[in-house]
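As structure tokens, the structure follows; a few thoughts come after it.
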Amino acid sequence: MMKLKKGTGIRESNPREELLDEELIGRAVWECLKEGDSEGVIEVIRAYLDAVNKTEIAKESSMARSTMYHTLKGKNPTIKTLAKLVHACI
302 MMKLKKGTGI
312 RESNPREELL
322 DEELIGRAVW
332 ECLKEGDSEG
342 VIEVIRAYLD
352 AVNKTEIAKE
362 SSMARSTMYH
372 TLKGKNPTIK
382 TLAKLVHACI
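Note that the numbering used here numbers the sequence shown so that position 88 is 389, with each residue one more than the last.
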């Protein structure tokens with residue numbers, strides 16, 4: 302963590318903590334969907350999964366960890382697969 306000078310008006314931020322905020326992630330996914338940005342949806346979900354315990358998510362979704370990685374890495378996952386991952390995260 303960096304030390305910030307006092308009086309600069311800059312506040313400390315923890316990106317991992319923000320990525321674990323389900324409400325924030327939900328709003329980001331919704332905005333991507335409203336804009337028709339399917340790649341953005343995948344990027345947001347990938348960022349969230351990077352911040353959580355992937356082994357637990359893989360178990361909860363009944364999906365092999367390697368499958369989970371390949372699903373979100375440059376491929377076009379089905380809505381069923383995305384729903385499985387999101388459901389496992391909650």
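Even for Gly, the Cβ is constructed at its ideal location relative to N, Cα and C.
How should residue i be labelled, buried or exposed, when 16 other C-beta atoms within 10 angstroms of its C-beta is the threshold for buried?
i	result
proline 316	exposed
lysine 385	buried
leucine 325	exposed
threonine 372	buried
isoleucine 311	exposed
Taking 6 Å as the limit between beta carbons, can you name the residues of its chain near residue i, skipping five residues before and five after?
i	result
glycine 341	Cys333
Between residue i and the ligand SAM, is the CB less than 8 Å from at least one heavy atom?
i	result
leucine 325	Of ligands this structure carries none, so the ligand SAM is not represented either.
With a CB to CB cut of under 7 Å and the five nearest residues on each side skipped, what residues in its chain are close to residue i?
i	result
threonine 356	Arg366
Could you tell me the boundaries of the alpha helix (DSSP H) in which residue i lies?
i	result
threonine 368	366–373
lysine 335	323–335
valine 342	339–352
isoleucine 380	380–390
>> Across the stretch 322–339 and the stretch 354–369, are there enough close Cβ pairs to call them in contact, namely three or more that are closer than 8 Å?
In response: no
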